[in-house]
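Since the structure comes first, as structure tokens, the remarks are kept for the end.
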Amino acid sequence: MKKFFSARYIALALISCLLIAACSYVLNSNTSESEKLMANPVEVTITSLDDLNTLFDKYQYNDENWDKGNREVPRITFEGVGKHWAEGSKKLPVETKKMIFFRLMTPLALVSNENILREREIVKSSPLEASKLKKIAIKYRIIEDKTAELDQKMRTALLARVDILPPSLALAQAAEESGWATSRFAQEGNAFFGQWDFTGNGMKPRAHREELGDYGVARFDSPLASVEAYMLNINSNSAYQKLRILRSELRANDKAVTGIKLAGTLDKYSERGQEYIHGLRAMIRYNNLEQVDQAYLSDNKLIHLITEK
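With mature numbering (1 follows the signal peptide of the UniProt record, and there is no 0) applied, the sequence shown covers -21 to -1, 1 to 288.
Below is the structure:
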């Protein structure tokens, strides 16, 4: 059976500077507790394979514990794709490259979901006139500006949008859209999901399609920002209403919301349509990504990993 994690492979990649610096977050419904854990990060310098194995073993982030059913993931996120990753990854076995990618992307999906859960609590509990509720309603395209009045029907519609996505789906799409973080857009602009930008600030594709106007691929300050923007896009764009409807139906019927199920609604995400859906589902199944839908972030203090170049 293929294993989802491999500390040895990740160590080699980090030490080789294929992917660069990392920090971490925590999945915790209590915002104040999360803020305490994220403050004053502990910096750890990795100089050898033993160093990295020791660190991951400390947080039980290894094959042995994963195979035993431990789905706890330490709060780790990387700041960008190393300049040597595109070429260096070609020298790695395919399975090794995939292990590295999934291991570093998983915490990003969990952190993004954490932020969504915080917003969801605000939507559930805030008075309709609350400014923080209106801010979220604007963000998720329920209202256009803060002068609009919200009602209970709008709150219900907002709750259908402010909801988490299965990490397995995010990982599969990130791998598909970024070519395992080897694409020019991932390297230059932390773009893992191929989101378009029509503001003129996007990264121009080499094969530009004039009929689509002045467009480019959106760039982001960090991979985490890319994941957060992807989730907001899925949760607010009319093109993905089918996903939101299915997710709400599954929740209403107390059924599991999985990447395999939601992938079937993403025919509009790519011009490949059903072929794209088949590809996502195959990737989720082949790489055992369903297991990641049960993963959660640990409550260890914020870490910042530093690798020597």
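Built from N, CA and C at the ideal position, the CB exists for glycine as well.
- In the three-state scheme derived from DSSP, where H, G and I count as helix and E and B as strand, Y275 is classed as strand.
- Secondary structure note for Y209: its alpha helix (DSSP H) is the uninterrupted segment P202 to S215.
- Per DSSP, the unbroken alpha helix (DSSP H) holding L259 starts and ends at Q253 to Y265.
- Take the alpha-carbon of E51 and the one of Q270: they are about 11 Å apart.
- DSSP, reduced to helix, strand and coil, places G195 within a strand of the structure shown.
- Inclusion of S110 and K132 in the CB contact set at 8 Å is not warranted, their separation being larger than that value.
- Here D42 carries a helix assignment [DSSP, helix/strand/coil].
- In this structure, R223 is the residue among P202, G252, R223 and K280 with its C-alpha nearest to the C-alpha of V236.
- Put simply, of G173, S105, R54 and S162 the residue whose alpha carbon is nearest the alpha carbon of L137 is S105.
- Per DSSP, the continuous alpha helix (DSSP H) segment holding F164 begins and ends at R163 to G168.
- Measuring C-alpha to C-alpha distances from K103 to each of V141, V60, I79 and F164 identifies V141 as the nearest.
- In this structure, DSSP gives D36 a helical state, which the three-state scheme calls helix.
- Residue pairing of M182 in beta bridges, as defined by DSSP: V196.
- Nearest to T56 by C-alpha distance, out of R264, A218, K183 and D200, is D200.
- Judged by beta-carbon spacing, P20 lies within the 8 Å limit of H283, meaning their Cβ atoms are closer than that value.
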